[in-house]
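In the numbering used here, the protein residues as written are 9 to 263.
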């Protein structure tokens, strides 16, 4: 992994991205930390052209996005249009809202929809990925739902965006999942996992938790990963401070 492959997931800063002015200010601060790429997600309304101008002005690349799951499944053509406007090749289905994982027909419908939408994107030279949480580690017929999702979709149409915190939280093993997704892993979310004093899982900055990122990053690199995206769903203080702490740790220890 090179430092230029490290990106900030803007969902981390979602409360600082409500207006175009907020977006401009926050992206300037993200760039000042040292990030040269971002994953666009969690921001208020802004025309793609205006966002491009801000990104270009700060020397930032939009490496990927997260888009609403229902739009991805129902009108993937709109996702193609948005990605093309943002000059971006990768997006991810972010969360299985409305999917009933205890009902096989609901899971089958999701898998079919992901395959279909992924083909629409692939035909336009774009990539659809799947972003996991812990829900997908429920076992059905001896396999996790995440295994079913990847085994029953075409790798040409659905790639992986594993989230290191949620893989671990769900009982999976991050290195193993990177190996499973060989040549199907363009992007990974780096998110650390800490067991706090109350013996409860807690999100934290990279290097402050228990995950072995040297091994995870080596496995992701071997699998062909292009982007290593720092994300923290909740932060103890300013999300920008958390993004900086993670970036500084990565720069000092992982590249």
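C-beta atoms are modelled at their ideal positions from N, C-alpha and C, and glycine is treated no differently. Note that the coordinates shown come from a computational prediction; the quantities given were computed from them, not determined experimentally.
Three CB pairs or more closer than 8 Å across the region 117 to 129 and the region 86 to 104: yes
Helix, strand or coil at residue 48 according to DSSP, with G and I counted as helix: One-based indexing of the chain shown puts residue 48 at position 40. In this structure, residue 48 counts as strand in the three-state DSSP scheme.
Spatial distance of residue 33 from residue 208 (CA atoms): Taking the first residue of the chain shown as 1, we reach residue 33 at position 25. Taking the first residue of the chain shown as 1, we reach residue 208 at position 200. Whole-angstrom Cα-Cα distance: 35 Å.
Cβ neighbours of residue 54 in the same chain (closer than 7 Å, five flanking residues each side left out): Within the chain shown, numbered from 1, the residue matching residue 54 stands at position 46. Only 28, 31 meet the Cβ criterion.
Of the listed residues 142, 75, 224, 174, nearest to residue 258 (C-alpha basis): Along the chain shown, one-based indexing puts residue 258 at 250. Ranking 142, 75, 224, 174 by Cα distance to residue 258 puts 224 first.
Residue 124, buried or exposed, once every other Cβ within 10 Å from all chains shown has been counted against 16: Here residue 124 refers to the residue found at position 116 when the chain shown is read from its first residue. Under this definition residue 124 is an exposed residue.
Neighbourhood of residue 182 by C-beta distance below 6 Å, restricted to the same chain and skipping five residues each side: Within the chain shown, the letter at position 174 stands for residue 182. These residues qualify, in order along the chain: 172, 175, 224.
Secondary structure of residue 257, DSSP reduced to three states: By 1-based counting over the chain shown, the position of residue 257 is 249. In this structure, residue 257 counts as helix in the three-state DSSP scheme.
Within 8 Å, strictly: CB atoms of residue 46 and residue 24: Position 38 of the chain shown, counted from the start, is the residue given in the question as residue 46. Position 16 of the chain shown, counted from the start, is the residue given in the question as residue 24. Their beta carbons are not under 8 Å apart, which means residue 46 does not touch residue 24 by this criterion.
Host beta strand (DSSP E) of residue 212 (start-end): If you number the chain shown from 1, residue 212 lands on position 204. First-last of the beta strand (DSSP E) with residue 212: 209 to 212.
Closest residue to residue 201 among 215, 233, 84 (Cα-Cα distance): Within the chain shown, the letter at position 193 stands for residue 201. Answer by Cα proximity: 215.
Beta-carbon spacing of residue 98, residue 170 below 8 Å: Residue mapping note: residue 98 aligns to position 90 of the chain shown, counting from 1. Residue mapping note: residue 170 aligns to position 162 of the chain shown, counting from 1. No, these two residues do not count as a Cβ contact at 8 Å.
Residue of 129, 166, 148, 150 minimising C-alpha distance to residue 139: As a working note, residue 139 is residue 131 in the chain shown. Of the listed residues, the one whose Cα sits closest to residue 139 is 166.
Near the ligand COA: residue 76 beta-carbon under 7 Å from a heavy atom: Inclusion of the ligand COA in the displayed structure is not the case, the ligand content being empty and no account of it being possible.
Buried or exposed (CB count within 10 angstroms, at least 16 for buried), residue 135: As a first step, residue 135 is located in the chain shown; it is residue number 127 there, counting from the start. The residue is buried, with at least 16 neighbouring Cβ atoms inside 10 Å.
Rounded Cβ spacing between residue 48 and residue 251 (contact assumed at less than 8 Å): Sequence index remark: in the chain shown, residue 48 carries index 40 (1-based). Sequence index remark: in the chain shown, residue 251 carries index 243 (1-based). Incorrect: roughly 15 Å between the Cβ atoms, too far for contact.
CB-CB length for residue 22 against residue 56, believed under 8 Å: Looking up residue 22 in the chain shown gives position 14. Looking up residue 56 in the chain shown gives position 48. Not a contact, Cβ separation roughly 18 Å.
Residue range of the alpha helix (DSSP H) that includes residue 263: Working through the chain shown from its first residue, we reach residue 263 at position 255. Here residue 263 belongs to no alpha helix (DSSP H), and DSSP marks it neither H nor E.
7 Å CB neighbourhood of residue 81 in its chain, flanking five on each side removed: Stepping through the chain shown from its first residue, residue 81 is reached at position 73. Around residue 81: 121, 125.
Collapsed DSSP secondary structure at residue 27 in the structure displayed: Taking the first residue of the chain shown as position 1, residue 27 is located at position 19. Here residue 27 sits in coil by DSSP.
CB contact flag (residue 94, residue 60, <8 Å): Numbered from 1 along the chain shown, position 86 holds the residue referred to as residue 94. Numbered from 1 along the chain shown, position 52 holds the residue referred to as residue 60. Yes, Cβ-Cβ distance for residue 94 and residue 60 is below 8 Å.
Beta-carbon spacing of residue 12, residue 44 below 8 Å: In the chain shown, the residue the question calls residue 12 occupies position 4. In the chain shown, the residue the question calls residue 44 occupies position 36. Contact flag set, yes.
Among 232, 229, 253, nearest to residue 238 - alpha-carbon criterion: Taking the chain shown and counting its residues from 1, one reaches residue 238 at position 230. Residue 253 is the option with its Cα nearest to residue 238.
Residue 188 burial status per 10 Å Cβ neighbour count (16 or more: buried): The sequence position of residue 188 within the chain shown is 180, counting from 1. Residue 188 is buried by the Cβ-count criterion.
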